[in-house]
Amino acid sequence: MMREKLYSVFVCFLFSTILPFTVNAQKDSRFEVSKNLDIFNALVKEVEMFYVDSVDVEKLMRKGIDAMLNDLDPYTEYIPEQDMDDLKYMTTGEYGGIGSYIRQREEGVIIAEPFEGMPAELAGLKAGDRILRIDTTDVSSFSSDQVSSLLKGVPNTKMQLTIQRPGEKKPRKFDLIRKQILVDQVTYYGVRENGVGYIQLKGFTDKSAQEVKNAFEDLRKNKGIKSLVLDLRSNGGGLLESAVQIVNMFVPKGKEVVSTRGKIKQWDRTYRTSNEPLDTVMPIAVLINGASASAAEIVSGALQDMDRAVLVGQRSFGKGLVQSTRELPYNGSVKITMSKYYIPSGRCIQQIDYSHRKADGSVAAIPDSLTSVFYTSNGRPVRDGGGVRPEFEVEETKVPTLMYYLVTDYVLFDFVTDWVQKHPKIAPVEDFVVTDEDFEAFKAYAKEKNFTYDRQSEKALKTLKEVAEFEGYLDGDTTLITALKAQITPDLERDFDRFKDQITKILGSEIVKRYYFQKGELIESLKDDDVLKKAIEVLSTPELYKKTLNATEEQKETALAKGHSLGLMALLSVPVGVFC
8 MMREKLYSVF VCFLFSTILP FTVNAQKDSR FEVSKNLDIF NALVKEVEMF YVDSVDVEKL
68 MRKGIDAMLN DLDPYTEYIP EQDMDDLKYM TTGEYGGIGS YIRQREEGVI IAEPFEGMPA
128 ELAGLKAGDR ILRIDTTDVS SFSSDQVSSL LKGVPNTKMQ LTIQRPGEKK PRKFDLIRKQ
188 ILVDQVTYYG VRENGVGYIQ LKGFTDKSAQ EVKNAFEDLR KNKGIKSLVL DLRSNGGGLL
248 ESAVQIVNMF VPKGKEVVST RGKIKQWDRT YRTSNEPLDT VMPIAVLING ASASAAEIVS
308 GALQDMDRAV LVGQRSFGKG LVQSTRELPY NGSVKITMSK YYIPSGRCIQ QIDYSHRKAD
368 GSVAAIPDSL TSVFYTSNGR PVRDGGGVRP EFEVEETKVP TLMYYLVTDY VLFDFVTDWV
428 QKHPKIAPVE DFVVTDEDFE AFKAYAKEKN FTYDRQSEKA LKTLKEVAEF EGYLDGDTTL
488 ITALKAQITP DLERDFDRFK DQITKILGSE IVKRYYFQKG ELIESLKDDD VLKKAIEVLS
548 TPELYKKTLN ATEEQKETAL AKGHSLGLMA LLSVPVGVFC
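Position 228 of the sequence shown, counting from 1, maps to 235 under the working numbering, and the rest follow consecutively.
Following this line, the structure appears as structure tokens:
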């Protein structure tokens, strides 16, 4: 009885001290918001009225908004009315237009990649075509954003493009009809050796789950696959609900996939599988890399936590933040980070701590020493705070500087554009091979264009020499600097031969893409893919697969001692339109 009275007194004391403090804190926060908005409003008015030159208020305000939100994290952003189509594209993969990637170059905007079966490709537009006019508008000096806004529009509306094709003197004109462009998220699926099915998913829209389902059912029923590889490499994420639906295909109904927790506790949610699965026993390997993020990490992390799949590749990006859209005045929106997500083991894989910035404004990754251990369904240890780590890590081949500049300086692109004009047809993707003659022709082309690279190391060496001379370390002896310079000075002949295999691979992918589009490019890239090879090896060895997913007796005892369990979150309703 005495204990109950003491407990009542403590609760009353708690409410009488903490509750008023909380209310006062909220009042103070609201006052600060109101005060600073008044100051900001007055400041903008004063600048607009009295600044010596005319001020573009909309442009000025957009810079201020973007700078403010960028200081929070890279994912919270303002979306004005004119950019709402981009938000729709993120969630649906659909837009009205001609179906092509475009790029900005010094000489103007070019067609970079027409999509298979879309108006641009059907009309005969090619990669490398420079856009001169859209209908009667001269766009030769326009930015890619300006050109894009003119190319997009209501489906079934007509337009005329005037383009300049490389190697031709006279411009060409093309009549096109815009259509609703639907970009498939499953770029390719098929059967590899040993009856292993393969599905590549590049993003999470509201149609991704259905595309994966259709691909899997076709592979299982019509191709007789025995196991499955789900490729989520370089998949930057998308809709959280889509990730939950895909996990649901391979685990029983009622399983917790992910939970979200934020500042407003009433909005915390737990997402569970709500449908009967397609398959719960087929061996699965998920491929991930450093560019696999958010929704891709939910799928891979949840399947790992449930011991439903093995992961192969490299550690994932580490984005454990969730964004939702909120409407703003004048038909705009803000995509704002509202919570963090936690996968079934209870871990959050967010790697960057945006809430604690250094004095210079930079942010740092959470060191491995500060991460915590969690446990999968079978008791295997996994860690938080650093992305999702695969069971089978395959070292990613480092891309040399030479390769970077071959792509970004358009040397590769322009060579292939010229190559394609001389080769109307090529062999099927599976049989296509870049010959030594093609490789040597590419090397000669780079030389002819006076291609340069290794610019960063050259600058760093120059700085090192100046500092060493200033501090008196060289004393007139520059032997070491000279030797180092000889090592890092670009030698195109030497470096082309050194990285021949890698150069041949990207050359082959770019050539194949011109004839067989994104599907062909992916098939070409899977040739000699070490990560895929490892996944097939694991799936083709049942003992290895089972052993990998089972914890050792020592791990099980540790997990039990830590009180490990799954499924503690209550089932709550699921909101719509949440981004990861």
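Heads up, the beta-carbon is just placed ideally off N, CA and C, and yes, glycines get one too.
{"Query": "Residue 525 versus residue 518 - alpha carbon distance", "Result": "11 Å"}
{"Query": "Backbone CA spacing between residue 487 and residue 358 [nearest angstrom]", "Result": "40 Å"}
{"Query": "N-terminal and C-terminal residue of the beta strand (DSSP E) that residue 196 is part of", "Result": "193-198"}
{"Query": "Buried or exposed (CB count within 10 angstroms, at least 16 for buried), residue 568", "Result": "exposed"}
{"Query": "Backbone secondary structure at residue 116 - three-state DSSP", "Result": "strand"}
{"Query": "Contact test: residue 151 Cβ vs the ligand NAP heavy atom, cutoff 7 Å", "Result": "Ligands in the displayed structure: none, and consequently the ligand NAP is not present."}
{"Query": "As assigned by DSSP and simplified to three states, the class of residue 140", "Result": "strand"}
{"Query": "Cβ-based neighbour list, residue 232, same chain, cut-off 7 Å, excluding 5 preceding and 5 following", "Result": "198, 202, 203, 204, 226"}
{"Query": "Beta-carbon spacing of residue 267, residue 361 below 8 Å", "Result": "no"}
{"Query": "Closest Cα partner of residue 374 within the set 384, 356, 86", "Result": "356"}
{"Query": "Neighbour-count burial assignment, residue 100, 16 or more Cβ in a 10 Å radius", "Result": "buried"}
{"Query": "Cα-Cα separation, residue 91 to residue 213", "Result": "17 Å"}
{"Query": "Whole-angstrom C-beta distance between residue 208 and residue 219, which should lie under 8 Å", "Result": "6 Å"}
{"Query": "Residue 352 versus residue 382 - alpha carbon distance", "Result": "6 Å"}
{"Query": "Alpha-carbon spacing of residue 465 relative to residue 293, whole angstroms", "Result": "40 Å"}
{"Query": "Between the CA atoms of residue 346 and residue 159 - distance to the nearest angstrom", "Result": "34 Å"}
{"Query": "Complete alpha helix (DSSP H) runs within the region 302-340 (minimum length 4 residues, chain order)", "Result": "302-312"}
{"Query": "Spatial distance of residue 241 from residue 44 (CA atoms)", "Result": "40 Å"}
{"Query": "Under the three-state DSSP convention, the category residue 41 falls into", "Result": "helix"}
{"Query": "Per DSSP, the bridge partner or partners of residue 372", "Result": "359"}
{"Query": "Helix, strand or coil at residue 474 according to DSSP, with G and I counted as helix", "Result": "helix"}
{"Query": "Cβ pair residue 330, residue 96 closer than 8 Å", "Result": "no"}
{"Query": "Per-residue DSSP class, three states only, for residue 436", "Result": "helix"}
{"Query": "Where residue 384 falls, given that 16 or more other Cβ within 10 Å makes a residue buried", "Result": "buried"}
{"Query": "Close beta carbons around residue 51, own chain, < 8 Å, minus the five adjacent residues each side", "Result": "64, 67, 68"}
{"Query": "Three-state secondary structure assigned by DSSP to residue 543", "Result": "helix"}
{"Query": "Member of 489, 368, 377 whose CA lies at the smallest distance from the CA of residue 78", "Result": "368"}
{"Query": "Coil, strand or helix - residue 292 by DSSP", "Result": "strand"}
{"Query": "C-alpha gap between residue 405 and residue 537, whole angstroms", "Result": "13 Å"}
{"Query": "Within 8 Å, strictly: CB atoms of residue 399 and residue 306", "Result": "no"}
{"Query": "Residue 265 in three-state terms, based on DSSP", "Result": "strand"}
{"Query": "Residue interval of the alpha helix (DSSP H) (run including residue 424)", "Result": "418-429"}
{"Query": "Integer-rounded CB distance, given that residue 450 should sit under 8 Å from residue 506", "Result": "That pair is no contact at about 11 Å."}
{"Query": "Member of 303, 547, 286 whose CA lies at the smallest distance from the CA of residue 396", "Result": "303"}
{"Query": "Runs of beta strand (DSSP E) wholly within the region 48-106 (minimum 3 residues, chain order)", "Result": "84-86, 101-104"}
{"Query": "Status (buried if at least 16 other CB within 10 Å, exposed otherwise) for residue 338", "Result": "exposed"}
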